[in-house]
Amino acid sequence: MLNDAAVLILAAGQGTRMKSRMAKVLHSAGGKTLVRHAIDTALKIAPPERVFVVVGHQAEAVRAQAEAAGVRTIHQTGQLGTGHAVMCGEEQLANLGGRLIVLVGDCPLIRAETLEELAALQRDNAAGAALLTTEVADATGYGRIIRGADGRVREIVEHKACTPAQLAVREINSGIYCFEAAPLWNHIHRIRPDNPAGEYYLTDMIAILIRADIRVAALRTADSSEVLGINNRVELADADRILRARKVRRLMLDGVTIERPETVTVDAEVNIGIDTIVGAFARITGATVIGENCRIGACSIVHDSVLADHVEVFPFSMVSSSRLAARAHAGPFARLRMDAHLAEGAHVGNFVELKKTRLGAGSKSMHLAYLGDSTIGDKVNIGAGTITCNYDGHRKHETKIGDGAFVGSNSTLVAPIEVGEGAYIGAGSTITHKVPAKALAIGRSRQVNKEGWTRK
Ligand code: UD1
Ligand code: CA
């Protein structure tokens with residue numbers, strides 16, 4: 044945490060190069076929007092009341108991201124460039140004093156540690172500004188860092204304005220700066236839109252400060268992936284891959300076994316307990332929380348779900364918005380959705396779908412079933428091929444099955460329906476009336492054998 048700094052995140056641009064109807068900063072990498080990455084990193088170095096997001100293009104949607112994170116927004120009317128975006132913050136920010144860290148909303152890989160290093164460099168050099176730079180193999184699109192014979196930074200020149208010699212420069216501007224607030228606000232109005240794009244470039248501040256005899260420092264970071272700016276969907280995929288790799292690496296260092304980690308996708312906010320084993324090609328996304336000693340089978344998808352300890356999801360299963368209590372099993376090829384709930388030790392096998400259904404403790408449905416809108420008690424056996432007919436074409440209806448009931452294979456339970464505790468349903472039944480506790484229900488026609496029939 045820095046105690047004297049505010050953070051300004053520039054996120055008002057459209058991002059033309061994304062070729063999208065959605066503002067660039069609302070695209071996601073690593074399971075989080077680009078702007079949310081910037082906000083979350085900012086919150087590691089400054090309290091929420093000192094974090095500001097400049098919004099403009101699709102302002103409402105970007106503001107919603109800021110509000111969800113508890114930070115403030117500044118409106119930029121007309122996107123006249125990064126310098127103009129900062130000017131729009133003058134009213135709210137100039138009187139805060141201290142320092143201002145400027146982040147771009149399309150740089151999701153930057154780490155808080157690097158920002159702290161940048162701020163320390165600015166402080167140690169008593170500089171008016173410190174900028175973050177790096178060397179890249181392909182500098183296309185980035186502003187170039189132009190240094191004098193003495194090695195000191197003189198200016199930043201945008202790609203479009205570079206001379207052939209400047210284009211050869213591999214050191215680029217990250218778009219991230221730590222400014223001393225007073226000289227920034229004193230000089231920012233010197234930025235002129237005197238470039239082919241007609242924009243107010245924040246990058247011009249560097250030469251402006253130097254001309255005013257204010258010191259500028261530069262931190263050249265070795266890890267250039269950290270300052271990867273996202274301008275198009277190829278770079279978005281690059282950032283996604285790096286964020287995914289970081290996430291699985293952190294999980295592994297925290298005690299989770301991940302098989303073939305390069306194939307596994309885990310969203311930023313997911314938590315997984317120690318000694319859980321995640322199979323290849325698994326996707327674990329949204330607000331999922333997984334306990335200790337679980338197994339997530341290869342190619343399974345777990346989204347927005349809560350799994351307690353010792354839960355096993357066998358390969359090729361899909362679990363979304365569901366809860367699995369300790370020692371519950373699901374799959375292979377199971378589908379749990381819309382508030383499915385497996386109580387302790389409940390087992391669901393292959394080609395079983397649960398929707399808005401609670402399967403009680405120790406209950407089993409091992410093969411080929413659809414259980415929807417149902418409340419199923421403890422130690423119930425659901426035979427293969429059981430279907431709850433929950434939909435009559437107009438409305439959904441509920442099924443209740445009491446503790447210890449046995450539902451024979453290929454039963455059709457026409458909801459609304461109730462099967463009492465310990466009741467027994469003969470295989471192949473169509474059940475349309477309530478089955479009392481402990482009763483045997485058979486809802487099928489009797490078998491008739493016609494002797495010698497095929498010989499005739
Ligand atoms: C910018 C830098 C460039 C640097 C690069 C790093 C300038 C002029 N150029 O270029 O030196 O190498 O970032 O990635 O600053 N934005 C606004 N309002 C505006 C314009 C932009 O809020 O009027 C926001 C955008 O939403 C975006 C960020 O500022 O999040 C950067 O804008 P972008 O157009 O991507 O700048 P680059 O051309 O990449
Ligand atoms: Ca950019």
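Using the numbering used here, you'd call the opening residue of the sequence shown number 44 and step up by one each time. A virtual CB, placed ideally from N, CA and C, is assigned to each residue, including glycine. None of the values given here were measured: they were computed from a predicted structure.
Asked	Found
beta-carbon Gln122 near ligand 1 non-hydrogen atom, thresh 7 Å	yes
Own chain partners of Gln80 with C-beta closer than 6 Å, once the 5 adjacent residues on each side are dropped	For clarity, residue 80 is His in the given sequence; the question names Gln instead. Pro151, listed in sequence order.
Buried versus exposed, by CB contacts within 10 Å (16 or more), Asn360	Correcting the residue identity first, residue 360 is Ser in this sequence and not Asn. By the neighbour-count rule (16 or more Cβ atoms within 10 Å), Ser360 is buried.
Every unbroken alpha helix (DSSP H) within the stretch 249-303, with a cutoff of 4 residues, ordered by chain	276-296
Thr157 classed as buried or exposed, judged by whether at least 16 other C-beta atoms fall within 10 angstroms	buried
Short Cβ contact (8 Å threshold) for Glu396 with Ser417	no
Those residues, in chain order, that have a beta-carbon closer than 7 Å to some heavy atom of ligand 2	Val147, Asp149, Gly218, Gly272, Ile273, Asn274
Residues near Val391 in its chain [Cβ-Cβ closer than 6 Å; skip 5 each side]	Ala373, Ala377, Ser408
Contact check, Ala104 vs Leu69, beta carbons under 8 Å	yes
Gly322 Cβ short of 7 Å to ligand 1 heavy atom set	no
Nearest-angstrom beta carbon gap, Arg197 and Ile253 [assumed within contact, 8 Å]	6 Å
Ile82 - containing alpha helix (DSSP H), residue span	77-85
Proximity test, Val68 beta-carbon vs ligand 1 heavy atom, cut-off 7 Å	yes
Exposed unless 16 or more other CB atoms sit within 10 angstroms - verdict on Arg338	buried
Test item: CB-CB of Tyr413 and Ile430 under 8 Å	yes
CB of Val354 within 8 Å of CB of Arg380, strictly	no
Residue environment, Leu483, which counts as buried when at least 16 other CB atoms sit within 10 Å	exposed
Leu294 to Gly316 span [Cα, whole Å]	9 Å
The stretch 131-141 touching the stretch 111-119, judged by at least three CB pairs closer than 8 Å	yes
Alpha-carbon to alpha-carbon, Ile320 and Ala261	44 Å
Range covered by the beta strand (DSSP E) that runs through Gly392	390-398
Nearest candidate by alpha-carbon position, reference Leu385, set Gly405, Phe394, Leu53	Gly405
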